[in-house]
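Let me begin by presenting the structure, written as structure tokens, before commenting on it.
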Amino acid sequence: ADEASTSAQMARQRLHALAHEAGYRHRADLIMAHLHDIRPGATQLEVVDFYTNEPVVLKLKPLEKPQRTAENLYRKAKNQQIEERQLNERIDRREAEALQTLELLEELETEDALHELRGLRTWRKQHGLDPSTAPTRAGTELPFKVFEDRGFTILVGRNAANNDLLTQKYAHKDDLWLHAKDVTGSHVVIRHRAGQPVPEPVITHAAQLAGWYSRRQHDSLCPVTVTPKKFVRKPKGALPGQVVVERERVVLVVPGNPFESVS
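Residue 1405 is where the sequence shown starts when you use the working numbering, and the numbers rise one by one after that.
This is the structure:
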């Protein structure tokens, strides 16, 4: 949160400095309006500013044509405009990141979040993903929604931070990853089983869950992205739960919880 806030503050300071820099477009307009008054080799020209009706002295380059000077000023004005837009975008992005980080910190301070982290840590020990510790007893509850289908485990994230935990820390590269397409929703993972391809009915059921735990919950049909987790990556600086999918296939399902009657 501090890093994002500092970055936003620096961008804001630069934006303030740009606002107080000389108006390049203003000066260029004045030069172009008084081209006929500029003598060859002149170093300056006093004119009446048609924006303020006040006298102003224009600095000129004696070895440069006034038109070229104006062109350079217009180019600087355009670059300044681009920089101002980029700075405003950075401020918005970094302030949003700072707010998101603060919300996550508040969430991590709750007992539920601590329970999630403890559960994940224990699970990693059980499955040998933490080489510094030996496996512990089975039966520890995972911090995600868990479903079983034909011997395959399906995991569903509970919120943005939990999605991040599931996809970035928990899922294996050969697991199948699912998500309702083009809307916010839970990350869904089908755990890989060595030598056993995931049956289509299992993929369909997991896709239904992805649709159910998304903004498309009440749609009649929901397109769902399906891809091995190795094709899912988190861009640098992305917010929790935000990912980019590099390769996918899309299945169309009716959103729902096919396990509701037995869970």
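We treat Cβ as the ideally placed atom computed from N, Cα and C, and that holds for glycine.
- Check the Cα spacing between Arg-1619 and each of Ser-1590, Leu-1582, Ile-1558: the tightest is with Ser-1590.
- Where Thr-1608 is concerned, the enclosing alpha helix (DSSP H) starts and stops at 1604-1616.
- Closest by C-alpha distance to Glu-1650, out of Phe-1663, Pro-1644, Val-1630, is Val-1630.
- In the structure shown, the three-state DSSP call for Pro-1547 is coil.
- Spanning the alpha carbons of Thr-1557 and Pro-1644 requires a straight line of approximately 23 Å.
- CA-to-CA, the gap between Pro-1603 and Glu-1552 works out to about 13 Å.
- If only uninterrupted alpha helix (DSSP H) runs of at least 4 residues are considered, those enclosed by the segment 1407-1478 are 1428-1437.
- Separation of Ala-1432 and Thr-1447 (C-alpha to C-alpha, rounded to the nearest whole angstrom) is 15 Å.
- Pro-1470 places its beta carbon less than 8 Å from that of Ile-1435.
- Apart from sequence neighbours up to five positions away, the residues of its chain that approach Pro-1662 with a beta-carbon distance below 6 Å are His-1609, Gln-1612, ordered along the chain.
- The bridge partners DSSP lists for Arg-1597 are Gln-1600.
- The beta carbons of Val-1647 and Val-1628 sit no closer together than 8 Å.
- With fewer than 16 other CB atoms across the displayed protein chains lying within 10 angstroms of its CB, Ala-1598 is exposed.
- Distance from the CA atom of Lys-1634 to the CA atom of Pro-1547, rounded to whole angstroms, is 22 Å.
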